[in-house]
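In the numbering used here, the protein residues as written are -16 to 310. Don't be surprised by glycine CBs; every beta carbon is placed ideally from N, CA and C. All figures in this text were calculated on a predicted structure; none of them were measured in a lab. For reference, the structure discussed in these notes is given below.
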């Protein structure tokens, strides 16, 4: 959860903050590392970073990157709560600072939700026209006993702390697998799946992805493949396919033959000729694309465009392709 406060809301923030933990659920005795990133967007005389260390965590090592001066944080107790405080003197726009806080979950007999809040306070009011505060909170859930205990007879769950800690070992091993199963739907989404999984997802729709395509275009094509199949062989379907690859809209003109029709103006004689352009089942594709660096890249781009047209056009049709480069 991100919180932001600025007296002048029309001005952009001078700093932004991200604060996360490497695990969202842990057991007593397991390690949790908090990562905080502060990005500076305007020159500052300095700022203060305050990170809350919730009760239920034992503080370990801390570090800051970059840290040329080797400065260390202060551990401060305010209103019964613990805080790590870093002070940064001077910061230029575009700089980024990384902070790490290593902790260990303390023993507990009840479930806990441990929230850590990181707050950035500016040293003055010069940036952004007023005092700025930006904060982000992350939460780690702590379970005192393994949830696998509910599958065991009551004999093992009543007044037996050893068994509760023992099954936690297996849960720690299985947790990554369970998380992957819980998030399996992300692996089946072309927009979120790992890049190495995209070729396998493409086989679901009988598609062979060109590995030379940029990853973003491969994801977009895979997401649109089912609607494209419904329009395969149509001008609209071909336009959409070409737009995914080129990023530009293609102009497609369909040609129809002007054959003889029986009527008053029909003239049949030596002057009657079909002509080379009076051919049915043909179409023209015209594209205006950004220039490329070399002739080889131009040939490669044209080859891919032709491959798309060949795969999407009706088999009995012929076409002409014209690619014009912008100035």
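Where does residue i sit, in a helix, a strand or coil, going by DSSP?
i, result
"residue 307", "strand"
"residue 75", "coil"
"residue -14", "The predicted position of residue -14 is uncertain, since its pLDDT is 47 and thus under 50; no value can be drawn from it."
"residue 26", "coil"
"residue 137", "helix"
"residue 232", "coil"
"residue 286", "helix"
"residue 85", "strand"
"residue 13", "coil"
"residue 8", "strand"
"residue 319", "The chain is shown from -16 up to 310; residue 319 falls before or after that span and cannot be answered."
What's the gap between the Cα of residue i and the Cα of residue j?
i, j, result
"residue 26", "residue 116", "16 Å"
"residue -3", "residue 3", "21 Å"
"residue 145", "residue 17", "29 Å"
"residue 274", "residue 57", "56 Å"
"residue 279", "residue 29", "52 Å"
"residue 194", "residue 202", "11 Å"
"residue 62", "residue 35", "12 Å"
"residue 269", "residue 210", "23 Å"
"residue 308", "residue 271", "6 Å"
"residue 103", "residue 10", "30 Å"
"residue 164", "residue 157", "11 Å"
"residue 179", "residue 78", "33 Å"
"residue 311", "residue 8", "The shown model of the chain, from -16 to 310, leaves out residue 311, and the question about it has no answer."
"residue 295", "residue 219", "11 Å"
"residue 170", "residue 105", "41 Å"
If you follow the alpha helix (DSSP H) that residue i is in, where does it begin and where does it stop?
i, result
"residue 96", "No alpha helix (DSSP H) holds residue 96; the beta strand (DSSP E) holding it covers 95 to 105."
"residue 199", "198 to 213"
"residue 185", "181 to 186"
"residue 191", "Note, residue 191: premise wrong, no alpha helix (DSSP H); not H, not E."
"residue 168", "167 to 170"
Return the first residue and the last residue of the beta strand (DSSP E) that residue i is part of.
i, result
"residue 45", "40 to 48"
"residue 2", "-2 to 4"
"residue 267", "265 to 272"
"residue 58", "57 to 61"
Pull up the CB-CB distance for residue i and residue j, whole angstroms please, since I reckon it's below 8 Å.
i, j, result
"residue 227", "residue 266", "That belief does not hold up - the Cβ atoms of residue 227 and residue 266 are roughly 19 Å apart, past 8 Å."
"residue 81", "residue 48", "4 Å"
"residue 264", "residue 300", "5 Å"
"residue 292", "residue 221", "7 Å"
Tell me whether the stretch 67 to 80 and the stretch 11 to 27 touch, counting them as touching only if at least three CB pairs, one residue from each stretch, are closer than 8 Å.
Yes: at least three Cβ pairs fall under 8 Å.
Do the stretch 83 to 91 and the stretch 42 to 51 meet, that is, are 3 or more Cβ pairs less than 8 Å apart?
Yes, they touch.
Decide yes or no for the touch test of the stretch 57 to 68 against the stretch 87 to 99: beta carbon pairs closer than 8 Å, at least 3 of them.
Contact fails: fewer than three Cβ-Cβ distances are below 8 Å.
Determine contact between the stretch 165 to 174 and the stretch 200 to 216, defined as no fewer than three beta-carbon pairs at a distance below 8 Å.
The stretch 165 to 174 makes contact with the stretch 200 to 216: 3 or more CB pairs, one atom from each, lie closer than 8 Å.
Count the C-beta pairs between the stretch 121 to 134 and the stretch 144 to 164 that are closer than 8 Å, then say yes if the count reaches three, no if not.
Yes: at least three Cβ pairs fall under 8 Å.
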